[in-house]
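Protein chains in written order, with the working numbering: chain F, 64 to 377; chain B, 3 to 310; chain P, 241 to 476.
For each residue, glycine too, the CB sits at the ideal point set by N, CA and C.
Only one structure is covered here, and it is reproduced in the block below.
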Amino acid sequence: MSDTTRTMTLHVAVLAGLLALQFVLPAYHHGNLARVMVLASYAMGYNILFGYTGLLSLGHALFFAAGMYGMGLAVQHLGAGPLPALGAGLAAGVAVSAALGALALRTAGVAFMIVTLMFAQAGYLTVLYFGTWTRGDEGFVIAQAQRVLWGLDLSDPANRYFAALALFAACLLSVLWLVHSRFGRVLVAIRENEERTRMLGYDVFAHKLAAVILSGAMSALAGACYGLLFGYVGATFASVQYSIFPLLWVLLGGAGTVLGPLIGTLFMFYLIDLSSQVTTAYMLIAGVVLVALTLFAPQGLAGEVRARLWRWLP
Amino acid sequence: MEFAPYLFLATLEGAVTAAVLALTAVGLSLVFGVMRVVNVAHGEFFMLGAVLAWWVAHMLGGHPGLGFAAALLIAPLMVGLIAVAADMTVLKRIEYDPERTIVATIGILYIIQQVTLMTYGPDARPVEPPFNTRLAIPWFRFGEDGVELYWPWGLATTSYKLAVIGAAGVVLLCVWLLMARSRIGLLMRATQLDREMALAFAIPVERIYAIVFGLGAGLAALAAVLIVPISQAHYLMGGDPLLLSFIVVIIGGLGSLPGTVVAAILIGLSDGIISVFFSPTLAKILATLLVALVLVFRPQGLFGVRRA
Amino acid sequence: MSLLSTSGLSRHFAGLKAVEGVDFDLPEGQIRALIGPNGAGKTTFVGLLCGRIAPSAGRVIFGGRDISHLPAHRRINLGMAYTFQITSVFARLSVAENVALAARRRLRGRVRVDRAVRSALDRVGLGAFPRQDAGDLSYGHQRLLEIAMGLVQEPRLLILDEPTQGLADSEIADFKALIRDVSATATILLIEHNMSVVMETADMVTVMNFGRILAEGTPAEIHADPAVQTAYLGTG
C-alpha cells in the first residue's frame, strides 16, 4: 500500500467507526462522544497553529468564544436562524483572529504566548463587562425552537451526534488536505526553520497570518457548533481554562498529527469525567498530565506511534 | 467625603496594593531575568503563602502577633522549598526550554491549586493581623480663619496597612542588597549575563537556578503573608497577582528589577485610583490590553532601553 | 551587463562598522569569489544583499531594479538564492522534501516538482537517499543538500556562503566541477576560504577587510597583490 492509500484508509476507517458508534453506544457515552467530537474539532483548529506552524498560543479561547458568542448573540438578539448564526460565529472568529494575528505575530516565542494570553484575557473580561447582552458568567440558553436546522431538531441526541460528526469529519478532511497541500508544507517548514523558509523566498508573515486565521476560523466554528448543539453560551468558554484545554488535548494526542487532537480530547475528557466523580479538584488530573507530558512524552500519543510504528502517519 | 480626601484615601489603598505587588512582581522578574523562563505558577506560590500563613496561625493559636510572626518566617520558607523541589524535578529536566517551561508551569499551577482545594477546601479564611489600630487622618479646608484641620468621616487607615508598606520597602531593600552586594547576588548576575560563560567559570548554574526559583516563589509567598490579614486566603486567589505581576514585569521591562519596582508602584497606585472612577472590570481590560500592546510595540518595556 | 551592484552599502552595529561604503559590481554570468580574513564583513555584506540584514546606508541594485528596501523573500523571488554558512536544512524533514520546498515556490504540480527535485539531488550526488531525514545526513552531505536547495530554484544569482567548509577532498573536487556546470545558467557569488577552490573556479575575486573592499581582480592578480598578501594571504 502506498502512504496515501494507507492514510486515506485509516482516516476513513476512523470516521466510519465514529458513525457506527452512533448506533451502539449507551446514551451517556453517546452524548459524551458528540461533545468530544466538537471539542476535538476545536483541538484540530488549535493544532493547525501549534502542531503544524509551531506557534504556541495561550489564547485560543478567544476564538472559540468569538464563534460561540457570534452565533449566540445573533440568535439571541437578532433572532437569526441556525445557519446564519453559524455564519456569524465563523465571521466573528475570522475577524478576531485576523486582528489578533496581525498584532501578535509581530512577536515570537514566549512573548507570543503572553500576548495571546493577554488578548484572550481581555476578551474574557469584555464578555463579563457587557453582561447586559452576554449575561456574563451565568450565560444564556439557546432555546430548542431556535436549534432546528433544515427541519432537524439539533437538541435531539441522534441529530446532534450526526451534526457533531459532520463538523468533525469536515475539520478532519480539511486538515488532511492541508497537510498535503503546498500551503501546509510551508507551514511545517516555518515550524522547522523559519529563517530558512524565508530565505527560500516564502512570505513567512503572510503564511503565519493565514495559519492564525485558519486556526481561528476552525476554533470559532467549533465554538459556534458547541453553543448550538448543546444549547448554552457562557463566559467559562472564554476563560483561560479553555485556552489551556486545546493545548492539553493536542499535547496529549500528539502535536502535528491529524488524529492526535481526537485521541487527546477523548482521553482527557474521560479522565476528567471519571475523576470529577471522585473529587471536585478534577483539574488536578490536567495539571499532572501536563507536567508528565512535558517530561516524558513531548510528542504525545500519536506522535509516539509515528516515531515507533507508522512513519507515514500524517 | 469630598473629592481630594477621597483621592488621598484611594492613593493610600493603592500604595498597599503597590507594595505587595512590587514584592510579587520582583519575584517573577528575578526568575525571568536570571533563568529566562516565565513561571506561570507564580500566582499559585503567592496563594500557597497565604494558605500556609493561615495554617501556621491556626495551628499556633494564642496571640495573633505570635501566629503572624511565625507565618512570616515559615510560609515563605516552605513555599521556597516547594519551588526548589519543582525546579529540580521538573524544570531542570526539561533544561529550562522556554516554551516547555510555560506548559510545565501551567501544569504545576493546576497541581498546586487543586491540591490546595482538596486539603484546604473552597472557603476563604482570614488571618488576624498582629496589630490593627485605626488611624484617622486629618484633612484641611479653607475656613473663615484661613486653613483649618478637620477629620473627614471615613478618611482613615490602619497601622497594619502602613506596616505592610514599610515591610515591603525593607524587603525590597534587602533584595537589592542581596543582588548588588552579596556573593550569591554576583553569581546570579553573572549567570544572567551569560550562562555559558558562567558555566565556564565553574559557577554552579543549576544550583543558582534552584535558589533563584525558590527565592522568587518565596517573595511571592511573603507578599501574600503580608496581605492575607487584609484580604483572605482562598485557593483561587493566585490569578490576580499573576496577571498583575505579568503586567508589571512587562511594562517595567522584562528582567529589570528597578523597572519592575517603578512599574509596580505605578500600576498599584493607578489600580487603586482607576477603580475609583471606572469599573474594576474595565480597568482590567484596559490593563491587559496595555500589556499586550506594550509587548507588541515596545518589547523592552515602557521604561527599558532598546538593546541593539 | 551588471546583474548586481551596490553603492555606498554600509552596516553599523552599535558603532562597529561591519560593512562600510562598499561599491560592488557583479556582471551577469560571472563566478565571483569573495574572500577576506575572519570578521572582514563578508557574511554581513551578503546578508545585506539578500535582505537578511537591513543596511544603515547605501543601495542594492539587482537586475536593474533598486531592491534596497525589499524584504528578503521578495528578493529571493526576483531570482536570488542563498545558502547558509552554518548548515540550515530542515533537519526533521526528508531530503527530498527539503529540496521540494525550495522548488515549490517556482513550480506547480507534483510531477514537475518531483522531477526538479530528483535532478537537483542527482547533480550534487545525493540522489541515493531522498527519503532519509536531512538531519541524519553527514555534515558534508548536508552542505551538498544546501547547494541542491539553491540549484533547484534555478536562480539568476546563487550566493554560496562557505559551501566547501567541512567537505572531504574528493567532495571538493566534485564541487568545483559542479560550480563550473552551474555557472552556465547562473551568476555565482561565492564566499570561500579554500584557496584552491577560489583559484580554480572564480573568474574574479573581491577581497574584503575591515568592512571595506581591499582589492578586486583575477585570481592571479589577487594572488600577486602585495596589499592582499599582507592583509590576508601573508600568513597562509
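Asked, Found
"Pick from PHE34(B), MET120(B), GLY69(B) that is closest to GLY255(B), judged by C-alpha positions", "PHE34(B)"
"Cβ-based contacts, 8 Å cut-off: residues of the region 241 to 269 of chain F near chain C", "Checking the listed chains, one finds no chain C in this structure; the protein chains it contains are F, B and P."
"C-beta neighbour in chain F for GLY51(B), strict 7 Å", "no"
"Selected residue, minimal CA-CA separation from ILE253(F), among ASP216(F), GLY108(F), GLY117(F)", "GLY117(F)"
"7 Å Cβ cut-off: residues of chain F touching PHE330(P)", "ALA252, GLU255, ASN256, ARG259"
"Own chain partners of LEU184(P) with C-beta closer than 7 Å, once the 5 adjacent residues on each side are dropped", "Only positions 241 to 476 of chain P appear in the structure, and residue 184(P) is not among them; the question remains open."
"Separation of VAL303(F) from ILE348(F), as counted between CA atoms", "17 Å"
"Chain-ordered residues of the region 84 to 101 of chain B with a beta carbon less than 8 Å from chain F", "VAL92, ARG95, ILE96, PRO100, GLU101"
"Alpha carbon of HIS381(P) to alpha carbon of PRO206(B), nearest angstrom", "38 Å"
"At least three beta-carbon pairs within less than 8 Å, the region 103 to 120 of chain B to the region 346 to 364 of chain F", "yes"
"Three or more C-beta pairs below 8 Å linking the region 390 to 400 of chain P and the region 421 to 432 of chain P", "yes"
"is_contact[GLY109(B), chain F] using C-beta, thresh 7 Å", "yes"
"Test: HIS123(F) CB closer than 7 Å to a CB of chain P", "no"
"Residue environment, GLY246(P), which counts as buried when at least 16 other CB atoms sit within 10 Å", "Checking the displayed sequence, the identity of residue 246(P) turns out to be Thr instead of Gly. By the 10 Å Cβ count, THR246(P) comes out buried."
"Own chain, CB closer than 6 Å to THR159(B), minus 5 neighbours either side, in chain order", "LEU14, LEU137"
"Pair within 7 Å by beta-carbon distance, GLU22(B) and ALA225(B)", "First, the amino acid is wrong: residue 22(B) is Val here, not Glu. Contact: yes."
"Spatial distance of TRP56(B) from TYR105(F) (CA atoms)", "41 Å"
"Per-residue burial, SER31(B) [other beta carbons within 10 Å of its own, 16 or more giving buried]", "buried"
"Bounding residues of the alpha helix (DSSP H) (the contiguous stretch that carries ALA273(P))", "ALA273(P) -> not in any alpha helix (DSSP H); beta strand (DSSP E) instead, spanning 271 to 275."
"Nearest-angstrom Cα separation, counted from GLY144(F) out to GLN209(F)", "7 Å"
"Identified DSSP bridge partners for MET320(P)", "LEU397(P)"
"At least 3 beta-carbon pairs within less than 8 Å: the region 245 to 259 of chain P vs the region 174 to 190 of chain F", "no"
"Alpha-carbon spacing of MET320(P) relative to CYS290(P), whole angstroms", "7 Å"
"SER218(F) versus GLY294(F), LEU241(F), THR195(F), residue with shortest Cα-Cα distance", "GLY294(F)"
"Interface residues of chain F facing LEU245(B) [CB-CB closer than 8 Å]", "GLN184"
"Burial state of GLY133(F) (16 or more Cβ within 10 Å)", "buried"
"Simplified DSSP state of LEU125(F), which is helix, strand or coil", "helix"
"Stretch pair the region 329 to 349 of chain F + the region 164 to 171 of chain F: three plus CB contacts closer than 8 Å", "no"
"Interface partners of ARG387(F) on chain B, CB under 8 Å", "Residue 387(F) is absent from the model: chain F starts at 64 and stops at 377."
"Neighbourhood of MET190(B) by C-beta, 7 Å cutoff - its chain only, sequence neighbours within 5 removed", "VAL36, MET181, ILE210, VAL214"
"Option nearest PHE47(B) by Cα separation, candidates LEU244(B), VAL177(B), ILE96(B), ALA192(B)", "LEU244(B)"
"Closest residue to ALA287(F) among GLU201(F), THR320(F), ALA370(F), ILE205(F) (Cα-Cα distance)", "ILE205(F)"
"Beta-carbon neighbours of MET346(F), restricted to chain B and to distances below 8 Å", "TYR112, GLN115, GLN116"
"CB contact below 7 Å: ILE316(P) versus chain F", "yes"
"Minimum Cβ-Cβ distance from ILE276(B) to chain F less than 7 Å", "no"
"Within-7 Å CB hit, ARG345(P) to chain F", "yes"
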